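Plus 8 on top of the position in the sequence shown (first one is 1) and you've got my numbering.
All C-beta atoms in this analysis are idealised placements derived from N, C-alpha and C, irrespective of residue type, glycine included.
This structure is a prediction, so every number in the text was calculated from the model and none was measured.
Written out below as structure tokens is the structure these notes cover.
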Amino acid sequence: MAIPFDLITTRNTTTKLYVTEHNPELYKTVFAEYASDSCMLVVDENVQKSNSWIIDLVEKCFKKVVLAVVPSGEGSKSISEWSRIMDIALQSRVRRKTPLIAVGGGVTGDLAGFVAASVLRGLPLIHIPTTLLAMVDSSIGGKTGINHATGKNLIGAFYQPRHIIADMRFLETLPEREWNCGMGEILKYACISKTSIFDDANAVLNGEQGETLKKLISDCAQIKCDIVADDELESGARAFLNYGHTFAHALEAHTNYKRFAHGEAVYVGLLAATYYSQISGANVDSDRILSCRESFKLQTNDLIKDIPQLTEAMFSDKKIQDAALRLVVLKAWEQPKVEDVTDLQRVREAWHFALQKADIKNN
Ligand SMILES: NC(=O)c1ccc[n+]([C@@H]2O[C@H](COP(=O)([O-])OP(=O)(O)OC[C@H]3O[C@@H](n4cnc5c(N)ncnc54)[C@H](O)[C@@H]3O)[C@@H](O)[C@H]2O)c1
9 MAIPFDLITT RNTTTKLYVT EHNPELYKTV FAEYASDSCM LVVDENVQKS
59 NSWIIDLVEK CFKKVVLAVV PSGEGSKSIS EWSRIMDIAL QSRVRRKTPL
109 IAVGGGVTGD LAGFVAASVL RGLPLIHIPT TLLAMVDSSI GGKTGINHAT
159 GKNLIGAFYQ PRHIIADMRF LETLPEREWN CGMGEILKYA CISKTSIFDD
209 ANAVLNGEQG ETLKKLISDC AQIKCDIVAD DELESGARAF LNYGHTFAHA
259 LEAHTNYKRF AHGEAVYVGL LAATYYSQIS GANVDSDRIL SCRESFKLQT
309 NDLIKDIPQL TEAMFSDKKI QDAALRLVVL KAWEQPKVED VTDLQRVREA
359 WHFALQKADI KNN
């Protein structure tokens, strides 16, 4: 019997999380817990192509598999795609005990999770995250949902999975840029909770895999589990997971979501938030984050002239309440807090530091 890496107990669900090398027996054991002949399998289209073994494996474990393939990309977190998959589920007559297995990155996980929350008021949900970001972040914590024309993630539900299986085998086919997306969030955990993650992240970026990579993922997943178990509905400490993200969202919006992948924007955001903390008196050195700069290969110098607009864009972040700019900052490494910002000059200085230092050409 496989042992879960962690148990996350929230309002009404206990989630079993596995961070593991590839182990077909584990899937069989987990699926057997559902006492169902059939399942619904929602898979990212690139994963279907590059990791078709997962479909074969699921088909060996259930008599009937209702398959829905999700087109790659953020565009799939839409009302139309949600509706299409709802149709597939209902037309194939899934029942309330039919497990829904979501296989993919954060896009597929968020979308399929929301389908699971909606069909018949809730199907049991299993997440099989296939990107680094999904393993350390999006598959954990029960935030499911889709985008609306007025903004990202505006339609959704808190709906916890029963199982999460983070299988390292999927990372073998992950494109290089997607590693950066996960690394942005990984470095965030280093800042807010465990600075030893900086060393493991650097080792992985320099080519180490195996146990180091598994430990890195396990450490980050553990941090997210602890935060979610304490504050499932984001009334307190869960907000710390937004460290660097107010800067990142402003950068993404200002560049029309075209120029930077989310994790790349998070990297710039971490530099800015840490420098902001530093010049506000925290005992932190933002140079620590710079050791990963080579991997991100960013060009940001030209945006220095846009700092007034970037600062303005921070005010439209949906997590900002009232007129104040609310930022997650550090008191010291591993000690985040939420602060209402009054000194915008410091914010502009932080932008300047981050945009200048993140640029690969400024060595
Ligand atoms: N729910 C949450 O708590 C939470 C947290 C963070 C982010 N998110 C959401 O996650 C989404 C981003 O997730 P993501 O970065 O995983 O992106 P993604 O799901 O778009 O996947 C990235 C790309 O990698 C491909 N891919 C996935 N796994 C692969 C594999 N093993 N091999 C080859 N290709 C593979 C996909 O087809 C896609 O092209 C955003 O929509 C974001 O809002 C949600």
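Measure the C-alpha to C-alpha separation of residue i and residue j and round it to an integer number of angstroms.
i: LEU213; j: LEU140; result: 13 angstroms
i: ASP118; j: ARG170; result: 15 angstroms
i: GLN329; j: ALA198; result: Confidence is the limiting factor: at GLN329 the pLDDT is only 48, short of 50, which leaves the residue's position unreliable and the question unanswerable from this model.
i: LEU128; j: ARG104; result: 6 angstroms
i: THR21; j: GLN168; result: 7 angstroms
i: THR319; j: VAL346; result: 18 angstroms
i: LEU352; j: ASP293; result: 21 angstroms
i: LYS369; j: PHE361; result: 14 angstroms
i: TYR35; j: ILE62; result: 10 angstroms
i: ARG356; j: THR308; result: 15 angstroms
i: SER201; j: ALA43; result: 39 angstroms
i: ALA245; j: LYS71; result: 43 angstroms
i: LYS365; j: GLN286; result: 15 angstroms
i: GLY192; j: GLY271; result: 5 angstroms
i: GLU302; j: GLY218; result: 22 angstroms
i: ASP175; j: LEU182; result: 13 angstroms
i: PHE323; j: GLY159; result: 14 angstroms
i: ASP367; j: ARG296; result: 15 angstroms
i: ALA97; j: ALA120; result: 11 angstroms
i: GLU33; j: GLN343; result: 40 angstroms
i: ASP310; j: SER288; result: 26 angstroms
i: LEU333; j: LEU221; result: 36 angstroms
i: ARG19; j: GLY113; result: 25 angstroms
i: ILE148; j: ALA258; result: 25 angstroms
i: ILE315; j: SER100; result: 52 angstroms
Taking 8 angstroms as the cut-off, decide whether the C-beta atoms of residue i and residue j are in contact.
i: THR254; j: LEU338; result: no
i: PHE206; j: ALA165; result: no
i: VAL73; j: VAL51; result: no
i: GLY277; j: ALA256; result: yes
i: ILE194; j: ILE136; result: no
i: TYR284; j: ALA358; result: yes
i: GLN230; j: ASP64; result: no
i: SER299; j: ASN161; result: no
i: VAL38; j: ILE134; result: yes
i: LEU75; j: VAL102; result: no
i: VAL144; j: LYS57; result: no
i: CYS69; j: PRO107; result: no
i: VAL55; j: VAL111; result: yes
i: ALA269; j: ALA321; result: no
i: LEU335; j: VAL349; result: yes
i: THR17; j: ALA247; result: no
i: GLU53; j: PRO12; result: no
i: PHE178; j: ASN31; result: no
i: SER126; j: MET94; result: yes
i: THR203; j: TRP341; result: yes
Terminal residues of the continuous alpha helix (DSSP H) containing residue i?
i: HIS156; result: That residue, HIS156, is in no alpha helix (DSSP H); its beta strand (DSSP E) goes 151–156.
i: THR282; result: 270–287
i: THR220; result: 218–238
i: ASN54; result: 53–58
i: SER146; result: Unbroken run through SER146: none, as it is neither H nor E.
i: ASP208; result: 204–213
i: GLU186; result: 184–200
i: ASP95; result: 87–99
i: VAL102; result: Looking at the DSSP string, VAL102 is not in any alpha helix (DSSP H), and its letter there is neither H nor E.
i: GLU260; result: 253–262
i: THR181; result: Per DSSP, THR181 belongs to no alpha helix (DSSP H) and is neither H nor E.
i: VAL38; result: 32–40
i: PRO316; result: 315–321
Tell me, please, which residues DSSP counts as bridged to residue i.
i: HIS135; result: ALA110 and ILE172
i: CYS47; result: VAL73
i: TYR26; result: ILE173
i: ARG1; result: Because residue 1 is not part of the residues shown, which for the chain are 9 to 371, the question remains open.
i: THR17; result: THR22
i: ASP367; result: LEU306
i: ALA340; result: ASN291 and GLN343
i: VAL78; result: ASP52
I want to see whether chain D comes within less than 8 angstroms of residue i, judged by CB atoms only; does it?
i: VAL74; result: As a matter of chain content, chain D is missing from the structure shown, which is built from one protein chain.
Terminal residues of the continuous beta strand (DSSP E) containing residue i?
i: ILE163; result: 159–166
For this session: Check whether the segment 18–38 touches the segment 207–226, taking contact to mean three or more Cβ pairs, one atom from each stretch, closer than 8 angstroms.
Result: yes
Exercise. Three or more beta-carbon pairs under 8 angstroms between the segment 233–242 and the segment 259–270, yes or no?
Worked result: no
Problem set entry | Contact the segment 133–149 vs the segment 182–193: 3+ CB pairs below 8 angstroms | yes
Problem set entry | Touching by the beta-carbon criterion (3+ pairs, under 8 angstroms), the segment 85–92 and the segment 148–156 | yes
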